[in-house]
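Inspection log for the structure reproduced underneath, given as structure tokens.
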Amino acid sequence: MFYFAIDILGTIAFAISGVVVAMEKKLDLFGVFIIAFVTAVGGGTLRDILIGATPVVWLTQPVYLFTILGTVLLGIVFIDQLKYLRTSLFLFDTIGIGLYTMVGIEKGLVADLSPMMCVALGTITASFGGVIRDILCNEIPVIFRKEIYATACIVGGSSYFLLMLTPIDSAYAYLAAIVVIILIRLLAVRFHISLPNIYRRTMTGK
Amino acid sequence: MFYFAIDILGTIAFAISGVVVAMEKKLDLFGVFIIAFVTAVGGGTLRDILIGATPVVWLTQPVYLFTILGTVLLGIVFIDQLKYLRTSLFLFDTIGIGLYTMVGIEKGLVADLSPMMCVALGTITASFGGVIRDILCNEIPVIFRKEIYATACIVGGSSYFLLMLTPIDSAYAYLAAIVVIILIRLLAVRFHISLPNIYRRTMTGK
Amino acid sequence: MFYFAIDILGTIAFAISGVVVAMEKKLDLFGVFIIAFVTAVGGGTLRDILIGATPVVWLTQPVYLFTILGTVLLGIVFIDQLKYLRTSLFLFDTIGIGLYTMVGIEKGLVADLSPMMCVALGTITASFGGVIRDILCNEIPVIFRKEIYATACIVGGSSYFLLMLTPIDSAYAYLAAIVVIILIRLLAVRFHISLPNIYRRTMTGK
Numbered sequence: 010m011f012y013f014a015i016d017i018l019g020t021i022a023f024a025i026s027g028v029v030v031a032m033e034k035k036l037d038l039f040g041v042f043i044i045a046f047v048t049a050v051g052g053g054t055l056r057d058i059l060i061g062a063t064p065v066v067w068l069t070q071p072v073y074l075f076t077i078l079g080t081v082l083l084g085i086v087f088i089d090q091l092k093y094l095r096t097s098l099f100l101f102d103t104i105g106i107g108l109y110t111m112v113g114i115e116k117g118l119v120a121d122l123s124p125m126m127c128v129a130l131g132t133i134t135a136s137f138g139g140v141i142r143d144i145l146c147n148e149i150p151v152i153f154r155k156e157i158y159a160t161a162c163i164v165g166g167s168s169y170f171l172l173m174l175t176p177i178d179s180a181y182a183y184l185a186a187i188v189v190i191i192l193i194r195l196l197a198v199r200f201h202i203s204l205p206n207i208y209r210r211t212m213t214g215k
Numbered sequence: 010m011f012y013f014a015i016d017i018l019g020t021i022a023f024a025i026s027g028v029v030v031a032m033e034k035k036l037d038l039f040g041v042f043i044i045a046f047v048t049a050v051g052g053g054t055l056r057d058i059l060i061g062a063t064p065v066v067w068l069t070q071p072v073y074l075f076t077i078l079g080t081v082l083l084g085i086v087f088i089d090q091l092k093y094l095r096t097s098l099f100l101f102d103t104i105g106i107g108l109y110t111m112v113g114i115e116k117g118l119v120a121d122l123s124p125m126m127c128v129a130l131g132t133i134t135a136s137f138g139g140v141i142r143d144i145l146c147n148e149i150p151v152i153f154r155k156e157i158y159a160t161a162c163i164v165g166g167s168s169y170f171l172l173m174l175t176p177i178d179s180a181y182a183y184l185a186a187i188v189v190i191i192l193i194r195l196l197a198v199r200f201h202i203s204l205p206n207i208y209r210r211t212m213t214g215k
Numbered sequence: 010m011f012y013f014a015i016d017i018l019g020t021i022a023f024a025i026s027g028v029v030v031a032m033e034k035k036l037d038l039f040g041v042f043i044i045a046f047v048t049a050v051g052g053g054t055l056r057d058i059l060i061g062a063t064p065v066v067w068l069t070q071p072v073y074l075f076t077i078l079g080t081v082l083l084g085i086v087f088i089d090q091l092k093y094l095r096t097s098l099f100l101f102d103t104i105g106i107g108l109y110t111m112v113g114i115e116k117g118l119v120a121d122l123s124p125m126m127c128v129a130l131g132t133i134t135a136s137f138g139g140v141i142r143d144i145l146c147n148e149i150p151v152i153f154r155k156e157i158y159a160t161a162c163i164v165g166g167s168s169y170f171l172l173m174l175t176p177i178d179s180a181y182a183y184l185a186a187i188v189v190i191i192l193i194r195l196l197a198v199r200f201h202i203s204l205p206n207i208y209r210r211t212m213t214g215k
């Protein structure tokens, strides 16, 4: 029940980020809905396709479609108010990333994949919805450019497998990994931490 | 036989729309062919991947590849004449949308999906070829911006399931749904009907 | 062992081409890695998804992930030196295309597809990593615009099936097809051969 609540809150947060990006691009009602939808379920869909877990999850569980539909309608009506909720949204989004990463890792374990590939699947689950959103909106994906995002998923996901080497119960390891992901992301944003700069010279232009 | 003829006409119409967009972008022969191909089969391919119906349909039925290949060669030769055929092409395209939607719905029923998800699959079948075309051509998909297109698929597809609640024979319901989709699209284009504007203020820029 | 060595060299060459493109776009460390990764494994991943051979190959064979990771780190450090290696890289890349095409054809044969569709799968394996790379970097795919690339895969792949109609041993036909692909690409680049121009009038602009 707790997990389900977080899952739905994460879906809502991801969908809202889609609504905001799509409305900046002046898409129509259908376009806004599709962008919100792929942002929220795109990562899990790609994961399911890569491991062959089809039909993909949202085709059999209508709760995602309804949640996103409701979010889009409310998001469009209250688009001006959304900016005041920025902090709450960021928090839901960050919690969503933590949970989505672990959901992806679990699916990888069920598919008998190695820990490293489970972490890759978890990262895909949490981050590729945003990648597909940006591609559909004709932008270079934002997580390829400036945000500590996937890094949090990778470190947090790996910490789960490290904790599993200790006598710690797997349920605690699961929760601890989610907390690690959330903390890394919060700290990175709070203290403006980004990946090490790989460009030697300062370049002008974007 | 009738369905097969419409299916091929729809494939030709979709492929031509790909040729036109690709040639505006000055792609080479291979690029034009690939864009025509994904426009014609991209929606069905995505549908098959989402439900796990692999190998996807065009890999086992070469008629699509041959049809598209012929269309591309003729399309390139007669590109200047294509503009005079705009009305006929629009009609084939619209009939294609109607048929493709119902083909997608049928595949969803075979995969044991709920009516709502069948409508989603039908809409994906009819509209995502154009979405992939636009992404490959580095444009924001046109159906996210201004056209009544997916809406026709959704309303028409839903009408099929509503008709199935009545004593009407399923073959008639099938045909009626195709007619509904075609009519909505024709009326929307004829009377310049678009989705309700979700933006309060007039904004400059695109 | 020989094939494995070429496969790894091809992976490295493809990954380096991803690093170069991604660094031109000023992506961060994670972005560069993802672009390198999709360039190297994207074609094979799309092939596996289309035929339903899941989990896709890199999820079960970690050698690809490690190879690409190492290539990215070395590529970033020695980015300035990479330009002096351009000829060697082009050669690896071209050998990679030849091998990847035949790997795709073999997978098609295992999936019981017709020769024509096997050639299509081989071409997808060899060329769609670059397509996905360009889309993620917000460019129209370069192979749709100017390069003899897919054409080499199609001709070479077809030559394999033609040779199989003769009494030639299949291992020799396999090698001969790879050589055909490599030769076509080398000759096309050396003599600036491109696909026939399909545009009648000279147009300004790109």
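Residue numbers (the working numbering), protein chains in the order written: chain V, 10 to 215; chain Z, 10 to 215; chain D, 10 to 215.
We treat Cβ as the ideally placed atom computed from N, Cα and C, and that holds for glycine.
For V:THR134, none of the residues of chain D pass the 9 Å Cβ criterion, the least Cβ distance being about 13 Å. A distance below 8 Å between beta-carbons, with the five flanking residues on each side excluded, links Z:ILE88 to the following residues of its chain, in chain order: VAL28, VAL29, MET32. Per DSSP, the unbroken alpha helix (DSSP H) holding Z:ASP89 starts and ends at 88 to 91.
In this structure, the alpha-carbon of D:GLY19 lies about 15 Å from that of D:LEU94. Every alpha helix (DSSP H) stretch that sits fully inside the region 37 to 62 of chain D and reaches 4 residues is listed by chain position as 38 to 60. Taken atom to atom, the span from the alpha-carbon of Z:ALA185 to that of D:VAL140 is near 40 Å. In this structure, D:GLY165 is the residue among D:ALA180, D:GLY165, D:ILE177, D:GLY40 with its C-alpha nearest to the C-alpha of D:ILE104.
For the region 61 to 88 of chain V, the residues whose beta carbon sits under 9 Å from a beta carbon of chain D are, in order, GLY61, ALA62, THR63. Counting the other Cβ atoms within 10 Å of the Cβ of V:ILE157 gives 16 or more, which makes it buried. V:ALA14 counts as exposed, since fewer than 16 other C-beta atoms from the protein chains shown sit within 10 angstroms of its C-beta. In the displayed model, Z:CYS162 falls within a helix according to three-state DSSP. For D:ILE144, the enclosing alpha helix (DSSP H) has its first and last residue at 124 to 145. Assigned with DSSP and collapsed to three states, Z:THR96 falls in helix.
Going by beta carbons, Z:VAL151 and Z:SER168 fall outside the 8 Å limit.
ILE144, ASN147, GLU148, ILE149, PRO150, ILE152, PHE153, ARG154, LYS155: these are the residues of the region 141 to 157 of chain D whose beta carbon lies less than 8 Å from some beta carbon of chain Z, given in chain order.
By the criterion of a C-beta distance shorter than 7 Å, D:LEU100 is surrounded by no residue of its chain, once the five residues flanking it on both sides are discounted. In the three-state scheme derived from DSSP, where H, G and I count as helix and E and B as strand, Z:ILE202 is classed as coil. One finds LEU68, THR69, PRO71 in chain D with Cβ atoms closer than 9 Å to the Cβ of V:SER123, taken in chain order. Two segments are said to touch when three or more pairs of C-beta atoms, one from each, lie closer than 8 Å; by this definition the region 121 to 135 of chain Z does not touch the region 61 to 81 of chain Z.
Counting other Cβ atoms within 10 Å of its Cβ, Z:VAL86 stays below 16 and is therefore classed as exposed.
Secondary structure of V:ASP178 (DSSP, three-state): coil.
Z:ASP121 counts as exposed, since fewer than 16 other beta carbons sit within 10 angstroms of its beta carbon. By the Cβ-count criterion, V:LEU196 is exposed, with fewer than 16 other Cβ atoms from all chains shown falling within 10 Å of its own Cβ. A straight-line Cα-Cα distance of about 31 Å links Z:GLU148 and D:VAL66. A residue is called buried when at least 16 other Cβ atoms come within 10 angstroms of its Cβ; Z:ARG199 does not meet this threshold and is exposed. Judged by beta-carbon spacing, V:THR63 lies within the 8 Å limit of Z:ILE60, meaning their Cβ atoms are closer than that value. V:GLN90 and V:LEU98 have their alpha carbons spaced roughly 12 Å apart. Taking 8 Å as the Cβ-Cβ cut-off, the region 32 to 64 of chain D approaches chain V at MET32, LYS34, LYS35, LEU36, ASP37, LEU38, PHE39, GLY40, VAL41, ILE43, ILE44, THR54, ILE58, GLY61, THR63, PRO64, given in chain order. Among the residues of the region 185 to 208 of chain D, those with a Cβ less than 9 Å away from any Cβ of chain Z are SER203, LEU204, PRO205, ASN206, ILE207, TYR208, in the order of the chain.
Where Z:VAL66 is concerned, the enclosing alpha helix (DSSP H) starts and stops at 66 to 69. Burial check for V:LYS92: the Cβ neighbour count within 10 Å stays below 16, so the residue is exposed. Residues GLY27, VAL30, ALA31, LEU36, ARG142, LEU145, CYS146 of the same chain have their beta carbon placed closer than 7 Å to that of D:ILE44, with the five preceding and five following residues left out of the count.
Here V:GLY138 is not near V:VAL81, since their CB atoms are 8 Å or more apart. For Z:VAL41 and D:THR160, the gap between their C-alpha atoms comes out near 13 Å. Contact annotation for Z:ALA120 against chain V: PRO64 [CB-CB distance below 7 Å, chain order].
Non-local beta-carbon contacts of D:SER203 in its own chain, meaning distances under 8 Å to residues more than five positions away in sequence, involve LYS155, GLU156, ILE157, ALA197 in chain order.
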